[in-house]
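Peer 1: Attaching a single structure in structure tokens format; questions to follow.
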Amino acid sequence: MDRGRRRGGMIPLLALHALSEYWRLDRKPPVTAGLIAANTLIYLRPGYLDRILPTLNEVWFNPHLILKHKDLKRFILSAFYHIGDSHLVYNMLSLLWKGIQLESSMGSVEYTSMIATLVGMSQGITLLLAKSLLLFNYERAYYNEYAVGFSGVLFAMKVVLYSQSDNYTYVHGIMVPSRYAAWAELILIQMFVPGVSFLGHLGGILAGLLYLQLRSSYSGPHPFTRIIRGLTSILRWPLQSLLGMFRFTRRRIYGGGTVGGSRPRHISGVWRCQACTFDNSDWLSVCEMCGTHRDGGLSTIDALSLSNDLTLDELRQRRVQSGFSKLPCILFQLVMKVGHKLLSSSLKSFFWGTGTSEGIPRVSCLTDPIKKCPVCSKAVEPGNKNRRLNTSLLIRVPRQSGNCNILIDAGKFFYHSALKWFPTYGIRTIDAVIITHSHADAIGGLDDLRDWTNNVQPNVPIYTAERDFEVMKKTHYYLVDTSSIIPGAAVSDLQFNIIHEKPFIVNDLQFTPLPVWHGRNYRSLGFRFGKICYISDVSEIPEETYPLLEDCELLIMDALRPDRSSSTHFGLPKALEEVRKIQPKRTLFTGMMHLMDHDTVNEGLIKLKETEGLDVQLSYDGLCVPVNL
Ligand SMILES: [Zn+2]
Ligand SMILES: [Zn+2]
Ligand SMILES: [Zn+2]
Ligand SMILES: [Zn+2]
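Numbering follows the UniProt record's numbering, in which position 189 of the sequence shown is assigned residue number 189; successive positions increment by one, without gaps.
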């Protein structure tokens with residue numbers, strides 16, 4: 001081991017970055033943090049570890065040596081060794097980004113077993129590939145390749161992460177479906193960067209695919225999960241105290257879109273590079289780290305491809321070539337970024353429900369003896385994006401004192417959405433409910449708020465228009481006029497606040513009502529907060545509302561069916577017409593009925609991006625969108 005060289009100079013940057021990422025998270029994924037710490041310690045080799053850890057020369061991944069000596073140490077440990085500061089730091093930044101998403105969505109136990117499996121499988125497949133190349137008289141990969149590093153596993157993680165994504169992502173300037181991003185990256189890196197371990201990366205991708213295959217053919221928890229559960233129950237006490245520090249929780253993948261979502265997360269003042277996930281200052285239009293353009297295209301200076309899996313020398317070379325060799329600048333960026341994150345953090349919108357009033361699947365479609373409804377039959381599958389409950393949005397606003405959760409509408413299926421998404425996203429309180437209108441799919445769940453007012457918080461403030469309050473006086477008379485309640489009965493304690501058609505403040509966040517028609521002579525309200533406009537029930541937008549929709553970044557709008565509008569809701573053609581008129585940066589449709597197949601409609605909509613530059617997609621239950629205010 002080359003101990004003479006000064007190493008670790010870039011580690012503080014890694015630490016800063018990891019800390020700032022973790023700072024923002026409600027739940028801190030402990031295993032990802034542990035993996036990064038372990039890799040870093042192995043690399044730094046402090047005195048006590050130096051004595052017990054094998055040297056780099058003893059762990060290079062070389063197929064010939066591994067098979068000849070049945071060398072398990074080489075086989076496993078080579079994934080955890082790195083050859084230079086940048087090699088380590090770039091791999092760990094990539095691990096940080098992928099690990100946080102995967103661990104948060106699948107839970108720490110399942111995640112641990114997945115990582116263990118992926119390490120074994122990616123190394124194993126690489127070995128098999130090298131061995132089988134011998135059959136074609138290709139000996140170099142078998143005898144002469146020496147590789148270390150976590151990038152094989154990172155390729156596998158990428159495959160898993162993007163497997164459920166319907167999004168498109170840019171790989172070095174080329175738009176590809178996210179699920180093929182790893183392949184595109186593999187090929188592009190190989191074309192432009194000689195010397196990287198093609199087999200190692202390919203092995204990683206195949207391991208990811210094999211893992212997904214095994215997971216889907218085997219329902220129930222991962223086989224390793226049971227072993228790990230057994231181990232954790234033995235080690236309960238020390239583990240619990242450790243995990244307690246990170247508020248350890250299990251979560252599951254539902255819907256999964258943002259779990260592999262490839263959209264850059266926006267923090268104001270910073271944009272996240274789509275290629276290498278580095279957070280750049282808004283001042284820059286080209287990624288400081290890899291030269292990719294802010295909009296995802298290649299920079300003209302750096303026409304060569306880059307990835308988060310490149311090694312020290314490749315990255316250094318590239319940065320010298322493109323004139324980005326500015327370590328002090330990167331340090332400055334990081335310090336600025338940490339400072340910025342301490343001062344602000346991102347607001348998130350969660351789509352609690354995206355379906356029409358009756359919910360999808362329809363019971364009648366499932367019991368129809370003659371006709372099979374294609375959408376409802378798909379919607380039965382758990383996690384399918386056609387499964388939709390009543391339209392509702394939860395806005396999570398980060399505050400110094402903890403997150404503040406504002407719900408728009410609590411309809412008939414509120415309990416079912418809440419049951420699914422509150423635990424998944426680690427949300428507990430409901431700090432306010434804002435009502436769009438008084439149909440059952442918007443207020444039918446008010447009674448279920450009793451669980452919160454009895455067990456979580458003293459009361460729930462409701463913000464509603466006068467006309468809807470009048471309706472609630474009848475439909476929910478016992479919640480409005482509590483004198484009718486038998487003493488001791490534990491109904492919801494709701495505090496009604498009447499809103500008018502002008503801006504109002506809820507927990508320091510300003511909401512502007514967007515009055516619209518929802519059927520003839522029936523008013524419904526949309527709401528604007530920051531540059532986000534939410535209009536879930538609309539058949540016509542009155543002229544005076546358009547000015548309130550100007551300069552909109554994200555429009556969330558009603559689109560009931562693909563062919564035509566109904567008397568109370570926009571159909572897709574009308575909704576698109578409105579999008580062209582309002583010109584938001586991005587649109588997500590909601591309130592879809594069973595004639596809207598998620599994948600089919602989205603495939604059609606994605607084409608509008610090329611032809612008209614419209615960024616429009618259907619939303620789905622459980623989708624989480626980080627937003628700028
Ligand atoms: Zn970048
Ligand atoms: Zn409706
Ligand atoms: Zn149906
Ligand atoms: Zn309605």
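Using N, Cα and C, we set each Cβ at its ideal position, and we do this for glycine too.
Between which two residues does the beta strand (DSSP E) holding alanine 442 run?
Peer 2: Careful: alanine 442 lies outside any beta strand (DSSP E), inside the alpha helix (DSSP H) at 440 to 443.
Peer 1: In its own chain, which residues sit with a C-beta less than 7 Å from the C-beta of glutamate 501, not counting the 5 before and 5 after it?
Peer 2: The answer, listed in chain order, is Pro513, Pro515.
Peer 1: Which residues bound the alpha helix (DSSP H) around arginine 51?
Peer 2: Counting along the chain, the alpha helix (DSSP H) containing arginine 51 begins and ends at 47 to 52.
Peer 1: DSSP state of tyrosine 180, grouped into three classes?
Peer 2: Helix.
Peer 1: May I have all residues whose beta carbon comes closer than 5 Å to any heavy atom of ligand 3, sorted in chain order?
Peer 2: Those residues are Arg362, Cys365, Cys373, Cys376, His594, given in chain order.
Peer 1: Along the chain, which unbroken stretches of the alpha helix (DSSP H) at least 4 residues long are found entirely within the segment 485 to 551?
Peer 2: Fully enclosed alpha helix (DSSP H) runs of 4 or longer: not present.
Peer 1: Considering just the uninterrupted stretch of the beta strand (DSSP E) at tyrosine 463, what are its terminal residues?
Peer 2: First-last of the beta strand (DSSP E) with tyrosine 463: 460 to 465.
Peer 1: Compute the minimum distance between the beta carbon of alanine 442 and the heavy atoms of ligand 4, and state whether it is under 7 Å.
Peer 2: Under cutoff, so the answer is yes.
Peer 1: Quick one: using the 10 Å Cβ neighbour count with 16 as the cut-off for buried, is glutamate 185 buried or exposed?
Peer 2: With 16 or more Cβ atoms within 10 Å of its Cβ, glutamate 185 is classed as buried.
Peer 1: Measuring only the C-alpha atoms, how far is lysine 28 from leucine 35?
Peer 2: Each residue's Cα considered, the two are about 13 Å apart.
Peer 1: Please determine if the segment 434 to 448 and the segment 398 to 414 are in contact, where contact requires at least 3 C-beta pairs separated by less than 8 Å.
Peer 2: Judged by Cβ distances under 8 Å, the segment 434 to 448 makes contact with the segment 398 to 414, as three or more pairs qualify.
Peer 1: In terms of residue numbering, what span does the alpha helix (DSSP H) encompassing cysteine 376 cover?
Peer 2: 374 to 379 is the extent of the alpha helix (DSSP H) around cysteine 376.
Peer 1: Tell me whether threonine 568 counts as near ligand 4, meaning its Cβ is closer than 7 Å to at least one heavy atom of that ligand.
Peer 2: Result yes, Cβ under 7 Å from ligand 4.
Peer 1: Following a CB-centred definition, is aspartate 537 positioned closer than 7 Å to any heavy atom of ligand 4?
Peer 2: Because some heavy atom of ligand 4 lies under 7 Å away, the Cβ of aspartate 537 counts as near it: yes.
Peer 1: Three-state secondary structure (DSSP) at glycine 256?
Peer 2: Because the pLDDT of glycine 256 is 34, which lies under 50, any placement of that residue in the model is unreliable, and the number read from its coordinates should be weighed accordingly. Coil.
Peer 1: How big is the Cα-Cα spacing for aspartate 599 and leucine 389?
Peer 2: The alpha-carbon atoms of aspartate 599 and leucine 389 are separated by roughly 18 Å.
Peer 1: Consider the C-beta atom of histidine 416 and the heavy atoms of ligand 4; say whether any pair is separated by less than 7 Å.
Peer 2: Incorrect: histidine 416 has no Cβ contact closer than 7 Å to ligand 4.
Peer 1: Would you call glutamate 466 buried or exposed, if buried means 16 or more other Cβ atoms sit within 10 Å of its Cβ?
Peer 2: Its Cβ having fewer than 16 others within 10 Å, glutamate 466 is exposed.
Peer 1: Below 8 Å, how does it come out for the segment 385 to 402 and the segment 412 to 429: are there three or more Cβ pairs, yes or no?
Peer 2: Yes: the two stretches touch, three or more of their Cβ pairs being nearer than 8 Å.
Peer 1: What distance in whole Å lies between the Cβ atoms of isoleucine 100 and threonine 40, which are believed to be in contact at a cut-off of 8 Å?
Peer 2: The pair is not a contact, with the Cβ atoms about 16 Å apart (cut-off 8 Å).
Peer 1: For histidine 17, verify whether its CB is less than 7 Å away from any heavy atom of ligand 4.
Peer 2: No; taking the cut-off as 7 Å, the Cβ of histidine 17 has no heavy atom of ligand 4 nearer than that.
Peer 1: Please report the residue range of the alpha helix (DSSP H) in which alanine 156 lies.
Peer 2: Counting along the chain, the alpha helix (DSSP H) containing alanine 156 begins and ends at 151 to 162.
Peer 1: Could you pull out every residue in the same chain whose Cβ sits closer than 8 Å to the Cβ of alanine 38, ignoring the five residues on either side in sequence?
Peer 2: Closer than 8 Å at Cβ, skipping near neighbours: Phe80.
Peer 1: In chain order, what residues of the same chain have a beta carbon less than 7 Å from the beta carbon of tyrosine 415, not counting five sequence neighbours either side?
Peer 2: Around tyrosine 415: Gly445, Asp448.
Peer 1: Between histidine 518 and ligand 4, is the CB less than 7 Å from at least one heavy atom?
Peer 2: Answer for histidine 518: yes, Cβ within range of ligand 4.
Peer 1: Is threonine 590 helix, strand or coil when you go by DSSP?
Peer 2: In the structure shown, threonine 590 sits in a strand (DSSP, three-state: E or B).
Peer 1: Is valine 456 helix, strand or coil by DSSP?
Peer 2: Valine 456 falls in the coil class under three-state DSSP.
Peer 1: What residues in its chain sit with their C-beta under 6 Å from that of asparagine 384, if we drop five residues either side in the sequence?
Peer 2: So the qualifying residues of the chain are Lys378.
Peer 1: Return helix, strand or coil for isoleucine 395, following the three-state DSSP convention.
Peer 2: Looking at isoleucine 395 - three-state DSSP - the assignment turns out to be strand.
Peer 1: Kindly provide the ranges of any beta strand (DSSP E) runs that are 3 or more residues long and lie completely inside the segment 587 to 629, ordered along the chain.
Peer 2: With a minimum length of 3 residues, the continuous beta strand (DSSP E) runs that stay inside the segment 587 to 629 are 616 to 618, 624 to 627.
Peer 1: Once the 5 residues before and after serine 566 are set aside, which same chain residues still bring their CB inside 8 Å of it?
Peer 2: Ser539, Leu560.
Peer 1: How should threonine 354 be labelled, buried or exposed, when 16 other C-beta atoms within 10 angstroms of its C-beta is the threshold for buried?
Peer 2: By the 10 Å Cβ count, threonine 354 comes out buried.
Peer 1: Can you pull the DSSP bridge partners for leucine 347?
Peer 2: Answer is Val627, bridged to leucine 347.
Peer 1: Determine the closest residue to tyrosine 146 out of Tyr546, Leu127, Phe155, with distance taken between C-alpha atoms.
Peer 2: It is Leu127 whose Cα lies nearest to the Cα of tyrosine 146.
Peer 1: If you reduce the DSSP assignment to three classes, tell me which class alanine 432 lands in.
Peer 2: Three-state DSSP puts alanine 432 in a strand.
Peer 1: I'd like the list of long-range same chain contacts for glycine 339, defined as Cβ closer than 6 Å, with 5 residues on each side in sequence excluded.
Peer 2: The predicted position of glycine 339 is uncertain, since its pLDDT is 44 and thus under 50; a value taken from the coordinates is nonetheless stated next. Result list for glycine 339: empty, nothing under 6 Å.
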